[in-house]
Amino acid sequence: MQKTPPSFGTIQKDESEMKIDMKITHWAALFLIALGCVILLVFLAKSHTDGFSISFDSPTNYTVSGQFGDFFGGVAGTFFALSGTLLIYLNFNAQRKQNELTSFESSFFEMLRLHRDNISELKYTKHKHQKDYTYENRQVFREISKEFIQCYREVKKFSNSKKVEDYVLPAHQVKFNSIANKAGIKIDAIELAIIDLAYMVVFFGLGEEGEQLIKQAARAKYNPKYYFRLLHYIKLKPKGSHPNWSKWESLKNLQEKDLHETLDILYSSRKDLTKLSTENATAKLFLGAGKYEKYYGGHQLRLGHYFRHLYQSYKFLDSSDFLNDAQKRHYGKMLRAQLSTYEQALLFINSLSWQGMRWGIRAEIIRPSGNENKKKSDYIARYELIKNLPGAHMSGIRYRRYYPSIIFETDEIGLDENI
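Going by our numbering, 1614 is the number at position 212 of the sequence shown; the sequence numbering is gapless.
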């Protein structure tokens, strides 16, 4: 939290209080100048009766003029000196504010530059349609967004139960309810669990390390009977170039009942598919399938640093308390303008995952020093960071359900398109 340097000897005040103080100081200085001028004019008006006059034709009476100088310096001059001190203070304070703003802008624009550098360094090679395609810069966010939508739909199809307890552990359900109440929204715990698990699959990937990270994160939140089977199902999806891709397509296209029956067979034989014994035709396709590279390789290295830097940029802006709300919105909008539609889409999904909820519905409480009020780090809502998302939802995940206070761009222009 940015503070006034100790040499000023005061606790940084609320913006409105500071403005009032400056106005009082300004009017006090003007009053002292006016008072000094009145005293001077009154004295000059009376001076001729006391034997003092200014004339170029007669010699100067230094005794009388000295007494006049003593009176002027001791009385009227005191008011002028006090007003000068107040004006110097006002000028000093204005200069301090300008220095703070200059320092802030220097750091802020450096953060903008680093944000653009982070994007320019992104690269992602993906195999599809029998070819390798390399995506760079903002194209990477588009591909990751597409991967999430694919994964979300696959997880949603697998998740056929309507009972919350089949997904979420009771203790975590209490946390869900508490979060919803504090955020003032109504949360669908099943939808949020599906979003969280699908995002973790895309973020961490399903390699050995990624799977362990997902299980570690899910252990305290979700029903193991659910997410263990889910991860086994998604792991069957191979990299696009692998011969097993056609087998995955056959499995994915099954009706819900047949899908779960086949998955139960495959899950029971998960340790050794070579010993699979079944009449299920689709399950037989995976007979003898060895280890292969999984479709979801993970994007932790790409997204982790990106989101951390973006979060710290908004935290830096929001904690710069010498800026008023209008100024913060101005700079926040400037940073938001750097985000493409797909960046905003991933930011929205990230904020609904357990690891990214501090952006919005599970915002951190900032406890400032001094007499300032507590603030929440609900940067997505406060700075409307997903304002430019098209349509009303992303693959059925409605923006307004989680961020009802944001006025979206499509609300303003009357469009209704989906990603």
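Glycine included, C-beta positions come from ideal geometry on N, C-alpha and C.
For residue j and residue i, the rounded distance between their alpha carbons
i: residue 1499; j: residue 1725; result: 9 Å
i: residue 1734; j: residue 1544; result: 23 Å
i: residue 1511; j: residue 1533; result: 40 Å
i: residue 1522; j: residue 1686; result: 45 Å
i: residue 1416; j: residue 1727; result: Only weak support exists for where residue 1416 lies, its pLDDT of 46 falling under 50; the coordinates are left without a value.
i: residue 1574; j: residue 1661; result: 29 Å
i: residue 1641; j: residue 1577; result: 36 Å
i: residue 1786; j: residue 1539; result: 23 Å
i: residue 1557; j: residue 1720; result: 36 Å
i: residue 1560; j: residue 1503; result: 53 Å
i: residue 1518; j: residue 1801; result: 26 Å
i: residue 1648; j: residue 1673; result: 22 Å
i: residue 1501; j: residue 1738; result: 25 Å
i: residue 1772; j: residue 1581; result: Only weak support is given to the placement of residue 1772: the predicted model assigns it a pLDDT of 46, under 50, and the question is left unresolved by the model.
i: residue 1524; j: residue 1626; result: 35 Å
i: residue 1509; j: residue 1810; result: 29 Å
i: residue 1758; j: residue 1671; result: 35 Å
i: residue 1568; j: residue 1658; result: 17 Å
i: residue 1572; j: residue 1795; result: 29 Å
i: residue 1788; j: residue 1688; result: 42 Å
i: residue 1646; j: residue 1732; result: 52 Å
Residues bridged to residue i [DSSP beta-bridge criterion]
i: residue 1662; result: Paired residues: none, contrary to the question.
i: residue 1534; result: 1529
i: residue 1640; result: 1696
i: residue 1570; result: 1624
i: residue 1799; result: 1796
Residues near residue i in its chain [Cβ-Cβ closer than 6 Å; skip 5 each side]
i: residue 1639; result: 1650, 1697
i: residue 1506; result: 1722
i: residue 1744; result: 1543, 1544, 1547
Sequence-distant residues of its chain with Cβ nearer than 8 Å to residue i (five each side left out)
i: residue 1813; result: none
i: residue 1597; result: 1554, 1751, 1754, 1755, 1799
i: residue 1604; result: 1546, 1549, 1550, 1553, 1698, 1700, 1701
i: residue 1527; result: 1534, 1535, 1536, 1537
i: residue 1783; result: 1762, 1805, 1807, 1808
i: residue 1530; result: 1642
i: residue 1736; result: 1514
9 Å Cβ cutoff met for residue i and residue j
i: residue 1730; j: residue 1742; result: no
i: residue 1620; j: residue 1629; result: yes
i: residue 1669; j: residue 1710; result: no
i: residue 1790; j: residue 1740; result: no
i: residue 1602; j: residue 1616; result: yes
i: residue 1520; j: residue 1708; result: yes
i: residue 1705; j: residue 1748; result: yes
i: residue 1600; j: residue 1570; result: no
i: residue 1637; j: residue 1613; result: yes
i: residue 1667; j: residue 1655; result: no
i: residue 1566; j: residue 1587; result: no
i: residue 1634; j: residue 1665; result: yes
Cβ neighbours of residue i in the same chain (closer than 7 Å, five flanking residues each side left out)
i: residue 1541; result: none
i: residue 1516; result: 1711
i: residue 1760; result: 1766, 1779
i: residue 1458; result: At residue 1458 the pLDDT is 49, less than 50, meaning the model places this residue with poor confidence; the figure from the coordinates comes in the next sentence. The answer is none, since no qualifying residue turns up.
i: residue 1764; result: 1581
i: residue 1684; result: 1652, 1653, 1656, 1664
i: residue 1564; result: none
Below-9 Å beta-carbon distance, residue i vs any chain C residue
i: residue 1632; result: Here chain C cannot be found, since the structure has a single protein chain.
Proximity test, residue i beta-carbon vs the ligand FMN heavy atom, cut-off 8 Å
i: residue 1745; result: The ligand FMN is absent from the structure shown, which contains no ligand whatsoever.
Between the stretch 1708 to 1718 and the stretch 1777 to 1787, do three or more beta carbon pairs fall short of 8 Å?
yes
Counting Cβ pairs closer than 8 Å, one from the stretch 1692 to 1711 and one from the stretch 1602 to 1618, do we hit at least three?
yes
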